[in-house]
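Peer 1: Quick note, the sequences are listed as chains A and B, same order. First residue of the first sequence? That's 22 in the working numbering, and the numbers climb one at a time after it. First residue of the second sequence? That's 358 in the working numbering, and the numbers climb one at a time after it.
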Amino acid sequence: MKGLALISRLRPFGESLLAGLVGLAVGAIIMLIYGFDPIEAYIALFRGSFASLYSLSEALANATPLILTGLTFAIGLRGGLFNIGAEGQVYVGALAAIAMSLFQLPAGLHLIATLLVAMLAGALWSLPAAILKLTRGVHEVISTIMFNWIAHFLAYYLIANILVDPRRAEKTISILPSARFPILVPRTSLSYGILVSLFCAGLVLFLLWYTTIGFEVRAMGFNPAACRYAGIKRWRTALFAFVIGGFTAGLAGAVHVMGRPPSYAIFSGLGGLLNLGFDGLGVAMIGRNHPFGIVLAAIFFGGLMSGGRLMQISPGVPLELIRVVEGVIIIALAIPELVRLFRLFKWPLIWRRT
Amino acid sequence: MKGRIRLLTLLVAVSLLVSGLAVMTGGASAGAALKGRVAVILDVGGRGDLSFNDMGFKGTDEAAADFGLQMDEIQSASDADYLPNTRNAAVSGKYDLIIGVGFLLTDAFNTVAAEFPNQKFAIIDSVVDQPNVMSIVFRENEGSALVGALAAMVAAYYGYPKVGVVLGIEIPVLYHFEAGYRFGIAWGNKKYEQVKGTNPNIGLLWTYTGTFSDIAKGKAASEAMLAQGAGLIYNVAGPLGIGDLEAVTEAVRAKGQEAGPPFMIGVDANQDYLGDGHRVLASMMKRVDRGCYKAVADVVHGTFQGGIVSLGVINRGIAISRYQDLLDFIQFGINAKAITEADRAKIISNWLEMRGKIPYWIWDAVSELEMKIVSGEIVVPTANTVEEMQAVRAQYPLP
Numbered sequence: 022m023k024g025l026a027l028i029s030r031l032r033p034f035g036e037s038l039l040a041g042l043v044g045l046a047v048g049a050i051i052m053l054i055y056g057f058d059p060i061e062a063y064i065a066l067f068r069g070s071f072a073s074l075y076s077l078s079e080a081l082a083n084a085t086p087l088i089l090t091g092l093t094f095a096i097g098l099r100g101g102l103f104n105i106g107a108e109g110q111v112y113v114g115a116l117a118a119i120a121m122s123l124f125q126l127p128a129g130l131h132l133i134a135t136l137l138v139a140m141l142a143g144a145l146w147s148l149p150a151a152i153l154k155l156t157r158g159v160h161e162v163i164s165t166i167m168f169n170w171i172a173h174f175l176a177y178y179l180i181a182n183i184l185v186d187p188r189r190a191e192k193t194i195s196i197l198p199s200a201r202f203p204i205l206v207p208r209t210s211l212s213y214g215i216l217v218s219l220f221c222a223g224l225v226l227f228l229l230w231y232t233t234i235g236f237e238v239r240a241m242g243f244n245p246a247a248c249r250y251a252g253i254k255r256w257r258t259a260l261f262a263f264v265i266g267g268f269t270a271g272l273a274g275a276v277h278v279m280g281r282p283p284s285y286a287i288f289s290g291l292g293g294l295l296n297l298g299f300d301g302l303g304v305a306m307i308g309r310n311h312p313f314g315i316v317l318a319a320i321f322f323g324g325l326m327s328g329g330r331l332m333q334i335s336p337g338v339p340l341e342l343i344r345v346v347e348g349v350i351i352i353a354l355a356i357p358e359l360v361r362l363f364r365l366f367k368w369p370l371i372w373r374r375t
Numbered sequence: 358m359k360g361r362i363r364l365l366t367l368l369v370a371v372s373l374l375v376s377g378l379a380v381m382t383g384g385a386s387a388g389a390a391l392k393g394r395v396a397v398i399l400d401v402g403g404r405g406d407l408s409f410n411d412m413g414f415k416g417t418d419e420a421a422a423d424f425g426l427q428m429d430e431i432q433s434a435s436d437a438d439y440l441p442n443t444r445n446a447a448v449s450g451k452y453d454l455i456i457g458v459g460f461l462l463t464d465a466f467n468t469v470a471a472e473f474p475n476q477k478f479a480i481i482d483s484v485v486d487q488p489n490v491m492s493i494v495f496r497e498n499e500g501s502a503l504v505g506a507l508a509a510m511v512a513a514y515y516g517y518p519k520v521g522v523v524l525g526i527e528i529p530v531l532y533h534f535e536a537g538y539r540f541g542i543a544w545g546n547k548k549y550e551q552v553k554g555t556n557p558n559i560g561l562l563w564t565y566t567g568t569f570s571d572i573a574k575g576k577a578a579s580e581a582m583l584a585q586g587a588g589l590i591y592n593v594a595g596p597l598g599i600g601d602l603e604a605v606t607e608a609v610r611a612k613g614q615e616a617g618p619p620f621m622i623g624v625d626a627n628q629d630y631l632g633d634g635h636r637v638l639a640s641m642m643k644r645v646d647r648g649c650y651k652a653v654a655d656v657v658h659g660t661f662q663g664g665i666v667s668l669g670v671i672n673r674g675i676a677i678s679r680y681q682d683l684l685d686f687i688q689f690g691i692n693a694k695a696i697t698e699a700d701r702a703k704i705i706s707n708w709l710e711m712r713g714k715i716p717y718w719i720w721d722a723v724s725e726l727e728m729k730i731v732s733g734e735i736v737v738p739t740a741n742t743v744e745e746m747q748a749v750r751a752q753y754p755l756p
């Protein structure tokens, strides 16, 4: 009995391993077709991701915001919501963090105040979707996509007009040194921001599995009808999932601009902020929507990003092809969870096979 | 005793010889300590723009071929890549020189150059104040004044009320272009008045699209300008010129013709060969390739020095495109697969016909402006900050 439980716990790891190997194999075939040595390329990928303190630090630096956006999506999904609003909430959080550098505050206080404001900004941006869902029944996929675009163009406006660096028109003002996360490993991009991400992952684990409201959220995800019968309030769980998700997404934007050397600013066109929210979706999928899995998946994602850079230097694989290979590996890894999602999804009656 | 002295002399002689050899070989290896590789780091613009980035690649590639070096090309997917890409190249220790093509790499180069004081760097379009960085900058305002004057006079000649410019991301480098272009248009208006007696008052339409990669935005901006009566559109956004030219081509074809007007004005590379050779009137050539070539050559010759290298009209780092440039860059276009060998003859004859239709006094006027810039009689205004740019806009409003 105990052995069976262990096997069922290890099964996700086995599935992911298999999926990862399939992804690597398909990636290798693609590189072979284009005339690049896949073994040399994968050695570079490994060297650039986890083989040294430097590369591991770069992987963790990339993982820092992805852990947080992965959590946003996972909380929503655990509560039966398909919340893909992290992308816009990241922008808003980052903008709020930058705006906090219009003010002067003492060193430690400035950092904490900036984090808090960014968190609140992210949560505020998630509220309209929650309210539309609860009062008018608007599906959150539609409303969050729309709010992502509103945030996108709001960011364009603020970057170019309000938060612009007067000496460097291509970017916003930089986060003041008093609000920056110090670098954790010298001569790398890894800052103390990673601790915020890990702390949040722990907190979400606690909230979802060890509190009443967390239980209600998860129950709502499993079976809304049973929850209604049991007297669990839909608006409570949905609001909880949206707001906590907004907090973590806002923080993701903040840790990115506060802990990412050398510019500590947002570039026009949104640059490095782009896709942090959507990548979080992939991270949550690979991490099976569990905080522990999300941390591992985000580090894997981050390693893939930093290792991919080295593939340009060593075997000289062009950036575009590297991104194709990365995409193939990520899709392969997400397949086990995608299959599960499709099984759980409540298809409209006419499409349902009987 | 005598034997001992002889032995001693022999020992001294041998040791001298050995140490002398050591010095000689040591000296030789210090002089030829080339690793044989150079790296080119590109910003988010990336290859395939037929202008800025491809020019940086071209110059480094030519230098690498001439000096027998290997060149590695490193592209950046977003601004989060600038620092890691630069650092990866420096950490690898494989490169004699790391060239950064683009202003956006400034912060990354500043950081990494300080971390690796023995690594040589060169950066295009930016000033990085470190002893191991060669900062190669261009006086784009001078060349933009030339094409601005040309654009104003040609627009007036063909009866258009406006000229346009499609710019990329608002960075100081682009202010150089805008400031020079404004000055040039005003100069062209005045020149036209001197020759023809009436001031055409050609106005300027300008847009910062906020991108160096979204070609569709170049097309959209150009379409809007053409609809408002622009006769020439100056591309100051690398690859967006491909979109600008699409809009120009559609406008030309809507008139049932193949040759302009309206025309595009190319940038950075010579882009005259695009549009079948008769829809791009001229190009403001910024010889990024010469800058990159110089940096590599200096490293190979052991004369590399940190500091600012400024290229302008006077040293041909900046120039308005001429016949010989067309011939050179048709080959560049063929290599980039933008055109084919079969197009060559047609492009040359189309180009000659297009230029021949412009009255000779206009070309003379452009040459006159060029000579005055070289001699220092005319100093073209420039701008580096928002305030300076606003001052130039106030001086040359060009409504």
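All residues carry an ideal CB built from backbone N, CA and C; glycine is no exception.
#1: Going by Cα to Cα distance, which pick from B:Val490, B:Asp629, B:Leu503 is closest to aspartate 682 of chain B?
#2: Please check if any C-beta of chain A sits within less than 8 Å of the C-beta of proline 474 of chain B.
#3: Using a Cβ cut-off of 9 Å, pull out every chain B residue sitting near proline 198 of chain A, in sequence order please.
#4: Buried or exposed, going by whether 16 or more other CB atoms sit within 10 Å of the CB of isoleucine 665 of chain B?
#5: Could you run through the segment 58-80 of chain A and flag, in chain order, every residue whose CB is less than 8 Å away from some CB of chain B?
#6: Can you tell me whether valine 736 of chain B is buried or exposed? The criterion is at least 16 other CB atoms within 10 Å of its CB, across all chains shown.
#7: Is the Cβ of leucine 359 of chain A closer than 8 Å to any Cβ of chain B?
#8: Is isoleucine 96 of chain A helix, strand or coil when you go by DSSP?
#9: Between the alpha carbons of phenylalanine 67 of chain A and glycine 328 of chain A, how many angstroms are there, rounded?
#10: Counting only runs of 3+ residues fully inside the segment 412-468 of chain B, write out the beta strand (DSSP E) ranges in chain order.
#11: Where arginine 281 of chain A and leucine 399 of chain B are concerned, what is the direct C-alpha to C-alpha distance, given to the nearest angstrom?
#12: Mapping the DSSP letters down to three states, classify phenylalanine 620 of chain B as helix, strand or coil.
#13: When the Cβ atoms of the segment 86-93 of chain A are set against those of the segment 298-313 of chain A, are three or more pairs found closer than 8 Å?
#14: CA-CA distance, leucine 709 of chain B and leucine 638 of chain B?
#15: Residues in its own chain within less than 8 Å of glycine 388 of chain B by CB, not counting five upstream and five downstream?
#16: In chain A, which residues lie with their C-beta within 9 Å of the C-beta of aspartate 418 of chain B?
#17: Across the segment 127-134 of chain A and the segment 281-296 of chain A, are there enough close Cβ pairs to call them in contact, namely three or more that are closer than 8 Å?
#18: Please list, in chain order, the chain B residues whose beta carbon lies closer than 8 Å to that of glycine 292 of chain A.
#19: Can you list, in chain order, the residues of its chain with a C-beta nearer than 8 Å to that of leucine 38 of chain A? Leave out the 5 residues immediately preceding and following it.
#20: Which of the three DSSP states, helix, strand or coil, is assigned to valine 484 of chain B?
#21: Do you know offhand how far phenylalanine 227 of chain A's Cα is from valine 448 of chain B's?
#22: Measuring straight from C-alpha to C-alpha, what distance separates lysine 694 of chain B and alanine 142 of chain A?
#23: If you draw a straight line from the alpha carbon of leucine 116 of chain A to that of threonine 568 of chain B, how long is it in whole angstroms?
#24: Report the rounded CA-to-CA distance for methionine 332 of chain A versus asparagine 442 of chain B, giving the unit in angstroms.
#25: Would a C-beta distance cut-off of 8 Å place arginine 330 of chain A and glycine 69 of chain A closer than the cut-off?
#26: Whose Cβ in chain A lies nearer than 8 Å to the Cβ of leucine 440 of chain B?
#27: Which first and last residues belong to the beta strand (DSSP E) in which phenylalanine 268 of chain A is found?
#28: For glutamine 333 of chain A, go through chain B and note every residue whose CB falls closer than 9 Å to its CB, in chain order.
#29: Between glutamate 191 of chain A and chain B, is the shortest Cβ-Cβ distance under 8 Å, so that the two count as touching?
#30: DSSP on alanine 379 of chain B, reduced to helix/strand/coil?
#31: With a 10 Å radius around its C-beta and 16 neighbouring C-beta atoms as the bar for buried, classify isoleucine 183 of chain A as buried or exposed.
#32: Please go through the same chain and pick out, in chain order, the residues whose beta-carbon is closer than 8 Å to the beta-carbon of methionine 381 of chain B, but skip the five residues on each side of it.
#33: State the DSSP-derived secondary structure class of valine 737 of chain B, mapped to helix, strand or coil.
#34: Please return the same chain residues whose Cβ sits closer than 7 Å to the Cβ of proline 756 of chain B, not counting the five positions on each side in sequence.
#35: Taking only three categories from DSSP, how would you classify glycine 588 of chain B?
#36: Could one say the Cβ of tyrosine 250 of chain A lies closer than 8 Å to chain B's Cβ atoms, at least one of them?
Peer 2: On the basis of the data shown:
#1: For the purposes of this step, residue 682 of chain B is taken as the residue at position 325 of the second sequence. With distances taken between Cα atoms, aspartate 682 of chain B lies closest to B:Asp629.
#2: What you label residue 474 of chain B is simply residue 117 of the second sequence in a count that begins at 1. For proline 474 of chain B, the answer is no, since every Cβ of chain A falls outside 8 Å of its Cβ.
#3: Counting from one through the first sequence, the residue named residue 198 of chain A turns up at place 177. Near proline 198 of chain A there are no residues of chain B at all, since even the closest Cβ is about 14 Å away, more than 9 Å.
#4: Position 308 of the second sequence, counted from the start, is the residue given in the question as residue 665 of chain B. Exposed, because fewer than 16 other Cβ atoms sit within 10 Å of the Cβ of isoleucine 665 of chain B.
#5: Gly69, Tyr75, Glu79
#6: Along the second sequence, one-based indexing puts residue 736 of chain B at 379. By the neighbour-count rule (16 or more Cβ atoms within 10 Å), valine 736 of chain B is not buried but exposed.
#7: As a working note, residue 359 of chain A is residue 338 in the first sequence. For leucine 359 of chain A, the answer is no, since every Cβ of chain B falls outside 8 Å of its Cβ.
#8: One-based indexing of the first sequence puts residue 96 of chain A at position 75. In the structure shown, isoleucine 96 of chain A sits in a helix (DSSP, three-state: H, G or I).
#9: Residue mapping note: residue 67 of chain A aligns to position 46 of the first sequence, counting from 1. Residue mapping note: residue 328 of chain A aligns to position 307 of the first sequence, counting from 1. Rounded to whole angstroms, phenylalanine 67 of chain A to glycine 328 of chain A spans 6 Å at the Cα level.
#10: 427-431, 454-458
#11: Residue 281 of chain A sits at position 260 when you count from the first residue of the first sequence. Residue 399 of chain B sits at position 42 when you count from the first residue of the second sequence. Cα to Cα, the separation comes out at about 20 Å.
#12: In the second sequence, residue 620 of chain B corresponds to position 263, counting from 1. In the structure shown, phenylalanine 620 of chain B sits in a strand (DSSP, three-state: E or B).
#13: yes
#14: Counted from its first residue, the second sequence places residue 709 of chain B at position 352. Counted from its first residue, the second sequence places residue 638 of chain B at position 281. Distance between the alpha carbons of leucine 709 of chain B and leucine 638 of chain B is about 10 Å.
#15: In the second sequence, residue 388 of chain B corresponds to position 31, counting from 1. Note that glycine 388 of chain B has pLDDT 44, beneath the 50 cutoff, so the model's placement of it is unreliable and the number below is only indicative. Closer than 8 Å at the Cβ level, and outside the excluded window around glycine 388 of chain B, lie Gly659.
#16: Counting from one through the second sequence, the residue named residue 418 of chain B turns up at place 61. Neighbours of aspartate 418 of chain B on chain A: none; closest Cβ ~13 Å, over 9 Å.
#17: no
#18: Indexing the first sequence from 1 puts residue 292 of chain A at position 271. Ordered by position in chain B, the residues that pass the 8 Å Cβ test against glycine 292 of chain A are Val401, Ser435, Asp436, Ala437.
#19: For the purposes of this step, residue 38 of chain A is taken as residue 17 along the first sequence, with counting starting at 1. If we look at leucine 38 of chain A and ignore the five residues flanking it on each side, it has no Cβ neighbours.
#20: Indexing the second sequence from 1 puts residue 484 of chain B at position 127. Correct three-state label for valine 484 of chain B: coil.
#21: Along the first sequence, read from residue 1 onward, the residue named residue 227 of chain A stands at position 206. Along the second sequence, read from residue 1 onward, the residue named residue 448 of chain B stands at position 91. Cα to Cα, the separation comes out at about 41 Å.
#22: Working through the second sequence from its first residue, we reach residue 694 of chain B at position 337. Working through the first sequence from its first residue, we reach residue 142 of chain A at position 121. Cα to Cα, the separation comes out at about 48 Å.
#23: In the first sequence, the residue the question calls residue 116 of chain A occupies position 95. In the second sequence, the residue the question calls residue 568 of chain B occupies position 211. About 19 Å.
#24: By one-based count along the first sequence, residue 332 of chain A stands at place 311. By one-based count along the second sequence, residue 442 of chain B stands at place 85. One C-alpha to the other measures close to 11 Å.
#25: If you number the first sequence from 1, residue 330 of chain A lands on position 309. If you number the first sequence from 1, residue 69 of chain A lands on position 48. In contact: arginine 330 of chain A and glycine 69 of chain A (Cβ atoms closer than 8 Å).
#26: For this step, residue 440 of chain B is matched to residue 83 along the second sequence. Those within 8 Å of leucine 440 of chain B in chain A are Ser210, Pro282, Pro283.
#27: The residue labelled residue 268 of chain A in the question sits at position 247 within the first sequence. Segment 255-279 is the alpha helix (DSSP H) holding phenylalanine 268 of chain A; no beta strand (DSSP E) there.
#28: To locate residue 333 of chain A, count along the first sequence from 1; it is residue 312. Correct list: Asp429, Glu430, Ile431, Gln432, Asn442, Asn445.
#29: Your numbering for residue 191 of chain A matches position 170 in the first sequence. It does; some Cβ of chain B falls within 8 Å.
#30: Within the second sequence, residue 379 of chain B is the residue found at index 22, counting from 1. Reliability fails at alanine 379 of chain B, whose pLDDT of 44 lies under 50, so the model's placement of it is uncertain and no value is given.
#31: Sequence index remark: in the first sequence, residue 183 of chain A carries index 162 (1-based). Classification for isoleucine 183 of chain A: exposed.
#32: Residue 381 of chain B sits at position 24 when you count from the first residue of the second sequence. Legend: pLDDT at methionine 381 of chain B = 42, less than 50; position of this residue unreliable, no value from coordinates given.
#33: To locate residue 737 of chain B, count along the second sequence from 1; it is residue 380. DSSP places valine 737 of chain B in coil when its eight states are reduced to three.
#34: One-based indexing of the second sequence puts residue 756 of chain B at position 399. Cβ within range, chain order: Gly560.
#35: For the purposes of this step, residue 588 of chain B is identified with residue 231 of the second sequence, where counting begins at 1. Three-state result, glycine 588 of chain B: strand.
#36: The residue given as residue 250 of chain A occupies position 229 in the first sequence. No, its Cβ sits nowhere closer than 8 Å to a Cβ of chain B.
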